[in-house]
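Using the working numbering, read the sequence shown as starting at 819 and increasing by one per residue. Virtual Cβ for every residue (Gly too), placed ideally from N, Cα, C. Below is one structure, written out as structure tokens, with a few remarks after it.
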Amino acid sequence: MEIFAMEKEKNDNLHDISSYEPAVIANKIKKECMQQNTTLKTMLQELSIGSNMMSHMSHGKAPSYITIARICDYLNISIDTLLDHTVTANTAPIDTAAALQHLSAVTGYSTDYIAGLLRIPPKQQFKQ
């Protein structure tokens, strides 16, 4: 049982979006919906997400990584696009190749598979 708890903690940290400002993310979601001529209500209903989620985000409560991933998939945008420029000031540039290698080692998935999930263009996968 202890191994399961350690693995769960590892996965929780992998998908931790707590360093992002929920209110900023909520505004970007609203803006993206407007650009795509869809309403928040429609999107939330089609995704079976509670209608109060956007209000919670506007008041600082971060949604789960899975919820963000589902919204991005619905809007046909990458998670990176949604979260771009919402990171707190203490963030260093990311070495994409090293990040993919690390995620591959932690998850057991290939770097190509992970890059596809994250929608990283092939030319940037190994850019340092």
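- The Cβ atoms of E839 and L893 do not sit closer than 8 Å to each other.
- Collapsing the DSSP output to three states places Y838 in a strand.
- If you look at S922, you'll find it in the alpha helix (DSSP H) that goes T914 to T925.
- Between the beta-carbon of M875 and that of I843 there is about 6 Å, and that keeps the pair under the 8 Å contact cut.
- Taken through DSSP and simplified to helix, strand or coil, D930 comes out as helix.
- Using a Cβ distance threshold of 8 Å, I897 and A887 count as a contacting pair.
- Counting only runs that start and end inside the segment 872–905, the alpha helix (DSSP H) elements of at least 4 residues fall at 883–893 and 897–901.
- CA-to-CA, the gap between S928 and L936 works out to about 13 Å.
- Bounds of the alpha helix (DSSP H) holding T860 are L858 to E864.
- Cβ atoms of K846 and L858 stay farther apart than 8 Å, at about 12 Å.
- The C-beta distance from I867 to T885 rounds to 6 Å, short enough to meet the 8 Å contact threshold.
- Judged by DSSP in its simplified three-state form, N845 adopts helix.
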